[in-house]
Amino acid sequence: MDINLKIPKQIFFYFLYVIFLIKNPVHSEDLIEANRPNILLIVADDLGWSDLGSFGGEIHTPNLDNLAFSGLRLTNFYVAPTCSPTRSMLLSGTDNHLAGLGNMEEELGPNQKGRPGYEGYLNRDVISFASLLQNAGYRTMMAGKWHLGASLDLGPESRGFDDAFVIANGISNHFKQERIVGFKVDEITKAPYRENGVSVDLKEPFYSSELYTNKLIQYIEEHQKDSKLKNNPFFAYAAYSAPHWPLQAPDHYIKKYKDNYHVGYRAIKSKRLENMKKMGLVQEHLYPVESNLWPRWSQLDEITKLEEAKKMAVYAAMVEALDFHIGRLVNFLDKSDLLEDTIIIFLSDNGAEGNDPSVILENARWIPRNFNNSIENMGRADSHISYGPRWAEVSATPFKNFKAFPSEGGIISPAFITYPKF
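Note that the sequence shown covers residues -4 to 417 in the working numbering.
Here it is as structure tokens:
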């Protein structure tokens, strides 16, 4: 795919300046005088390249689209094929093997365990980007998915974050403080949420994207009220866990998409590709391609079609809900007179997720025994669904495969950067 990406000179030189400040910290009063920008880093979890409207998708994402169109869409932006390796590179600025995450801890093979580069956590051979910013006078904060070391001594508070509210192991039920994998067939275990290194019990129900947004807003408000530090810039890391499975969203979002996906995989893929061509994101001669590994829409029975359409409706609802809460965060910055001085960076940690979660631990028996995955109940707190390889292929349009594959569908990310002063 030929993409002509020209980065404006002011962006290039501005980032050289930011890097200089980070690498060459001076006295705090001089740093404040430098009028450095705030930084908001937003990471989605398992979002496909074509899911946002600004990248060709039909899902309603006005807030992210407005940010993308007002800034620079990074249409050739690559990540690792899975979660924590990407996050390790993002926070360290190094190859994921140097940072200790040559593979996800949960997926380490016998030939990898115990070997350098496969520690399964962000190791001490690298310095986190948050630590550099902290040393340069930034107030550093995060909310959401950590997944760079589950033990207390490996948490974000030990890697440069002044404030951190996290799900330590990476993901939970989006409405409840429950793990999403079955260690024992008849038991649902508690998810490890922590705030500044202390385990917390959450009031239920909540919704993950709303919860993380609320926490970041709280941290920024507290920073603004600190008379000694309020003039210092902040680095906020919004590490959302949507739209990672289990696919769950508030009912009113799901209802908006209940009739949208009965046309099937290829029809949605074709429409997205058409939109991309109109935007100039891809070449005109590209056409939709489907793998031969899984049944096509025409080969499904009517009940399966209903199930598949509902799964994609829930996925779309998750993405729209994510967009809404990111919009809340941006609106808060705007009303607080902070947006004008804030660089916003957005990306997904890897491609869309088409793999089957039932193969993990006891999930094959645990999910049907503990959850109600009827069509009517899909997307609610007591359901546990994923949308499978065919819809993941749609999310990856026009690329091949999805998360965990080193082909482009697994490693290209919808990304953009925006800054009002550019």
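Just so you know, even glycine gets a beta-carbon here, dropped at the ideal spot from N, CA and C.
{"Check": "Sufficient close CB pairs (3 or more, under 8 Å) joining the segment 122 to 134 to the segment 95 to 111", "Outcome": "no"}
{"Check": "Status (buried if at least 16 other CB within 10 Å, exposed otherwise) for Glu388", "Outcome": "buried"}
{"Check": "Beta-bridge partners of Phe450, as assigned by DSSP", "Outcome": "No answer is possible for residue 450: the residues shown for the chain start at -4 and end at 417."}
{"Check": "Same chain, Cβ closer than 6 Å to Ser369, neighbours up to 5 away in sequence not counted", "Outcome": "none"}
{"Check": "Given Met373 as reference, the closest of Glu348, Glu302, Phe397 once Cα atoms are compared", "Outcome": "Glu302"}
{"Check": "Contact check, Pro241 vs Lys264, beta carbons under 8 Å", "Outcome": "no"}
{"Check": "Exposed unless 16 or more other CB atoms sit within 10 angstroms - verdict on His247", "Outcome": "exposed"}
{"Check": "Buried/exposed call for Lys220, threshold 16 Cβ in 10 Å", "Outcome": "exposed"}
{"Check": "Inter-stretch contact (C-beta, 8 Å, three-pair minimum) for the segment 317 to 325 and the segment 203 to 216", "Outcome": "yes"}
{"Check": "Asn58 versus Leu276: straight-line alpha-carbon distance, rounded", "Outcome": "20 Å"}
{"Check": "Rounded straight-line distance, which links the Cα of Gly43 to that of Glu403", "Outcome": "11 Å"}
{"Check": "DSSP bridge partner residues for Ile162 (one or two, in chain order)", "Outcome": "Lys140, Tyr188"}
{"Check": "Contact under 8 Å by Cβ, Asn350 with Ile406", "Outcome": "no"}
{"Check": "Range of the contiguous alpha helix (DSSP H) that encloses Ala359", "Outcome": "358 to 365"}
{"Check": "For Phe327, the three-state DSSP class (helix, strand or coil)", "Outcome": "helix"}
{"Check": "8 Å Cβ cutoff met for Lys300 and Gly383", "Outcome": "no"}
{"Check": "Span of the beta strand (DSSP E) around Arg31", "Outcome": "That residue, Arg31, is in no beta strand (DSSP E); it is neither H nor E in DSSP."}
{"Check": "In DSSP terms, what Lys179 is bridged to", "Outcome": "Glu182"}
{"Check": "Cβ-based burial, Ile298 [other Cβ within 10 Å; buried from 16]", "Outcome": "exposed"}
{"Check": "Between the CA atoms of Met313 and Ser23 - distance to the nearest angstrom", "Outcome": "For Ser23, the pLDDT reaches just 48, beneath the cut-off of 50, and the residue's location in the model is therefore unreliable, although a value from the coordinates is still provided. About 41 Å."}
{"Check": "Candidates Pro415, Ser222, His169, His218, of which the one nearest Glu199 by Cα", "Outcome": "His169"}
{"Check": "Asn156 (DSSP reduced to helix, strand or coil)", "Outcome": "Here the sequence assigns Phe to residue 156, which means Asn is not the residue at that position. Coil."}
{"Check": "His257 versus Leu96, Asp296, Ala304, Lys273, residue with shortest Cα-Cα distance", "Outcome": "Ala304"}
{"Check": "Within 8 Å, strictly: CB atoms of Gly144 and Gly192", "Outcome": "no"}
{"Check": "First and last residue of the uninterrupted beta strand (DSSP E) at Ala234", "Outcome": "229 to 234"}
{"Check": "Close Cβ partners of Gln129 (< 6 Å) along its chain, the five nearest in sequence each way excluded", "Outcome": "Thr135, Gly155"}
{"Check": "Residues near Ser286 in its chain [Cβ-Cβ closer than 7 Å; skip 5 each side]", "Outcome": "Glu388"}
{"Check": "Thr70 in three-state terms, based on DSSP", "Outcome": "coil"}
{"Check": "Reference Ile412; option with closest CA among Arg364, Tyr232, Arg68, Ala311", "Outcome": "Arg68"}
{"Check": "Neighbourhood of Ile34 by C-beta distance below 6 Å, restricted to the same chain and skipping five residues each side", "Outcome": "Phe230, Ile338"}
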